[in-house]
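J.: Per our numbering, the first sequence starts with residue 1, numbered consecutively.
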Amino acid sequence: MPQAVRPKSDFLAVLAERGFLHQCSDLAGLDAKAKSGELVGYIGFDCTAPSLHVGSLIQIMMLRWLQKTGCKPVALIGGGTTRVGDPSGKDESRKLLSEETIAANKAGIQQTFAKFLRFGAGKTDAIMPDNAEWLSGLRYIDFLREVGRHFSVNRMLTMDSVKLRLDRDQELSFLEFNYMCLQAYDFVELHKRHGVVLQMGGSDQWGNIITGIDLGRRRGTAQLYGLTSPLLATASGAKMGKTAQGAVWLDAKLLSIYDYWQYWRNVEDADVGRFLKLFTELPLAEIARLDALRDSEINEAKKILASEATALLHGRAAAEQAAETARRTFEEGALAETLPSVNVPRHELAAGIGALTAFVRAGLVGSTGEARRQIKGGGLKVNDATLDNERATLTEANLIEGCIKLSLGKKRHVLLKPEG
RNA sequence: GGGGGAGUGUCCCGAGCGGCAAAGGGGGCGGACUGUAAAUCCGCUGGCUAUGCCUUCGUAGGUUCGAGUCCUACCUCCCCCA
1 MPQAVRPKSD FLAVLAERGF LHQCSDLAGL DAKAKSGELV GYIGFDCTAP SLHVGSLIQI
61 MMLRWLQKTG CKPVALIGGG TTRVGDPSGK DESRKLLSEE TIAANKAGIQ QTFAKFLRFG
121 AGKTDAIMPD NAEWLSGLRY IDFLREVGRH FSVNRMLTMD SVKLRLDRDQ ELSFLEFNYM
181 CLQAYDFVEL HKRHGVVLQM GGSDQWGNII TGIDLGRRRG TAQLYGLTSP LLATASGAKM
241 GKTAQGAVWL DAKLLSIYDY WQYWRNVEDA DVGRFLKLFT ELPLAEIARL DALRDSEINE
301 AKKILASEAT ALLHGRAAAE QAAETARRTF EEGALAETLP SVNVPRHELA AGIGALTAFV
361 RAGLVGSTGE ARRQIKGGGL KVNDATLDNE RATLTEANLI EGCIKLSLGK KRHVLLKPEG
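(1) Looking at residue 21 and residue 15, is the spacing between their C-beta atoms short of 7 angstroms?
(2) Would you call the segment 203-216 in contact with the segment 227-235, where contact means no fewer than 3 C-beta pairs closer than 8 angstroms?
(3) I believe residue 124 touches residue 71 by the beta-carbon criterion, under 8 angstroms. Please report the beta-carbon distance rounded to the nearest angstrom.
(4) Which ranges does the beta strand (DSSP E) cover as unbroken runs of at least 3 residues, wholly within the segment 111-146, from first to last along the chain?
(5) Per DSSP, residue 385 forms a beta bridge with which residues?
(6) Helix, strand or coil for residue 23, going by three-state DSSP, please let me know.
(7) Just to confirm before moving on: does the CB-CB distance between residue 341 and residue 232 stay below 7 angstroms?
(8) Find the nearest neighbour of residue 249 within the set 109, 402, 116 and 386, judged by alpha-carbon distance.
(9) Can you give the Cα-Cα distance for residue 58 and residue 279, rounded to whole angstroms?
(10) So, under 8 angstroms CB-CB, residue 216 and residue 191 are touching, yes? Tell me the CB distance rounded to an integer number of Å.
(11) Answer with buried or exposed for residue 106, where buried requires no fewer than 16 other C-beta atoms within 10 angstroms of its C-beta.
(12) Mind checking whether residue 42 and residue 76 have CB atoms under 7 angstroms apart?
(13) Ends of the alpha helix (DSSP H) at residue 267?
(14) Work out the CA separation of residue 151 and residue 319 for me, nearest whole Å.
(15) Does the distance from the C-beta atom of residue 69 to that of residue 116 stay below 7 angstroms?
(16) Using the rule of at least 16 other Cβ atoms within 10 Å of the residue's Cβ for burial, across every protein chain shown, is residue 369 buried or exposed?
(17) Going by DSSP, what residues sit across from residue 249 in a beta bridge?
(18) Mind checking whether residue 400 and residue 383 have CB atoms under 7 angstroms apart?
(19) Taking only three categories from DSSP, how would you classify residue 365?
(20) Does DSSP classify residue 354 as helix, strand or coil?
(21) Applying the criterion that 16 or more other CB atoms from any shown protein chain within 10 Å of the CB defines a buried residue, is residue 283 buried or exposed?
(22) Give the single residue among 392, 336 and 333 whose Cα lies nearest to the Cα of residue 359.
(23) Keeping to the same chain, check which residues put their C-beta closer than 6 angstroms to that of residue 395; ignore five residues upstream and five downstream.
(24) Under a three-way DSSP split, which group does residue 215 fall into?
(25) Indicate the three-state DSSP secondary structure (helix, strand or coil) for residue 404 in the structure shown.
(26) Cα separation between residue 19 and residue 209?
(27) Quick one: using the 10 Å Cβ neighbour count with 16 as the cut-off for buried, is residue 385 buried or exposed?
(28) Less than 8 angstroms between the CB atoms is what I'm expecting for residue 188 and residue 221, so what's the real figure, rounded?
(29) In three-state DSSP terms, what is residue 414?
(30) Please classify residue 158 as buried or exposed, where buried requires at least 16 neighbouring CB atoms within 10 angstroms.
(31) Applying the criterion that 16 or more other CB atoms from any shown protein chain within 10 Å of the CB defines a buried residue, is residue 174 buried or exposed?
(32) With DSSP as the reference, label residue 229 as helix, strand or coil.
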């Protein structure tokens, strides 16, 4: 992106040097606004899942920096827009979610924001409105006359979110077609209610954001600004946030803190520097030093990345415990009692549990069939000994220090602990 | 409204003379090599109380010893004409 001079405001300076900036509707104008200390910016999050995942982390970090540089962040919960579904960047329509699901998802997502932002009533305290507040009560004809007349269908058809679907002959329902109108309306409404003048988002949100700025101009509100972050992919091109086990959730109930730490520990070499800048708050000089490490030395940088990123989400103590668990497990080959664990009733263990069943229970494999296959491939271990007999039974005799260590491959470990 | 085409292994794409648990990719998982990396090579990639049983090819029926494959109706989508 064009960037002749270094931004004068702390906010944009940080975003620029840490790699958050992709596009901006008016960099100079926004810079002046941020410099004045009156900047209120928002990012919208739909409640399509019970928790946010790593893919949203870059957005959350932008809000965090906004607050840290003296501005006011608004985390908009899309309780209303989730009922419509954003077609941006998606090949197919999403399944419609029920009201109950949306409400439950919303509750889960709200908890995550509390870890990154300071909420309250102060000038730079974060707030978390829900667009259902103003979208649910909209009346169709009124909305069309007051807002709809400002939208040009000609223009909407040229938006990537719409155009890509049409070009590929993929269905785009009228419901989804309206999404950008609602998002645009959100922007203007947030300006009215909370003085928001900036909307941020991933690069796939550019069209929706611009539409909002446009609507603001046509309706005579103050100048609005848009800013997007680059679409994040790993160095080898995969989308961030998905692994075979599923998404990398930010909620510890869905992904253990240890597994979260491991996710960052296992990033590709080529991503380390970029991720340190985006997902930690270490000084840039320190990051430059870490990024310069090569070969096996870069593992030190990965550990720091893992601990710093985990600390931001789950706290310093939990991050250090995850680091220690990993150190004992990988570097000493010792049994770390703090590995993720699954409980089994003591009487079941006394009677003997089939090894296949045990691995399924531990969640390491999806079925006994898969367990059998992994055994053939030498992928399962019990207490670090490769399991070669699918009829093996686990009993209390297998307990070491009160638990049984089950492993899939070299990296995934779960402790089976007797209870009761 | 008329004509033509398509829906395949619940991750995706895609072959499939009536004997099919169904070719081939991609992705993913495991093994080897490494540094808990990348690249490369190899194996696996429906379920189960497992030398057998059960469930899968848009839905519901039918023909057949046997149907993803043939017939009928229906659903969904795409293209052309009006």
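Ideal Cβ placement from N, Cα and C applies to all residues, glycine included.
T.: According to the structure data:
(1) For residue 15 and residue 21, yes; Cβs fall inside 7 angstroms.
(2) Touching, per the Cβ criterion.
(3) About 6 angstroms separates the two Cβ atoms, so the contact holds.
(4) Entirely contained in the segment 111-146, not one beta strand (DSSP E) run reaches 3 residues.
(5) Paired residue(s): 382.
(6) In this structure, residue 23 counts as strand in the three-state DSSP scheme.
(7) Going by beta carbons, residue 341 and residue 232 fall outside the 7 angstroms limit.
(8) Cα-wise, what sits closest to residue 249 is 109.
(9) Cα to Cα, residue 58 sits roughly 7 angstroms from residue 279.
(10) With a beta-carbon spacing of about 6 angstroms, residue 216 and residue 191 fall inside the 8 angstroms limit used to define contacts.
(11) By the 10 Å Cβ count, residue 106 comes out buried.
(12) Result yes, Cβ atoms of residue 42 and residue 76 sit closer than 7 angstroms.
(13) Going by DSSP, residue 267 is part of no alpha helix (DSSP H) at all; its letter is neither H nor E.
(14) Cα to Cα, the separation comes out at about 48 angstroms.
(15) In this structure, residue 116 does not lie closer than 7 angstroms to residue 69 by Cβ.
(16) Residue 369 comes out exposed.
(17) Beta-bridge pairing links residue 249 to 53.
(18) The criterion of a C-beta distance shorter than 7 angstroms is satisfied by residue 400 and residue 383.
(19) The DSSP-derived three-state label of residue 365 is coil.
(20) Three-state result, residue 354: strand.
(21) It counts as exposed.
(22) The option with the nearest alpha carbon to residue 359 is 392.
(23) Short of 6 angstroms from the beta carbon of residue 395, and not among the five residues preceding or following it, lie these beta carbons of its own chain, in chain order: 352.
(24) In the three-state reduction of the DSSP assignment, residue 215 falls in the helix class.
(25) Residue 404 sits in a strand when the DSSP states are folded into three classes.
(26) Taking C-alpha positions only, residue 19 is separated from residue 209 by approximately 20 angstroms.
(27) Answer is exposed; the Cβ neighbour count stays below 16.
(28) Between residue 188 and residue 221, the beta carbon gap of about 6 angstroms places them in contact (Cβ cut-off 8 angstroms).
(29) Secondary structure of residue 414 (DSSP, three-state): strand.
(30) Classification of residue 158: exposed, given that the 10 Å Cβ count is below 16.
(31) Label assigned to residue 174: exposed.
(32) In this structure, residue 229 counts as strand in the three-state DSSP scheme.
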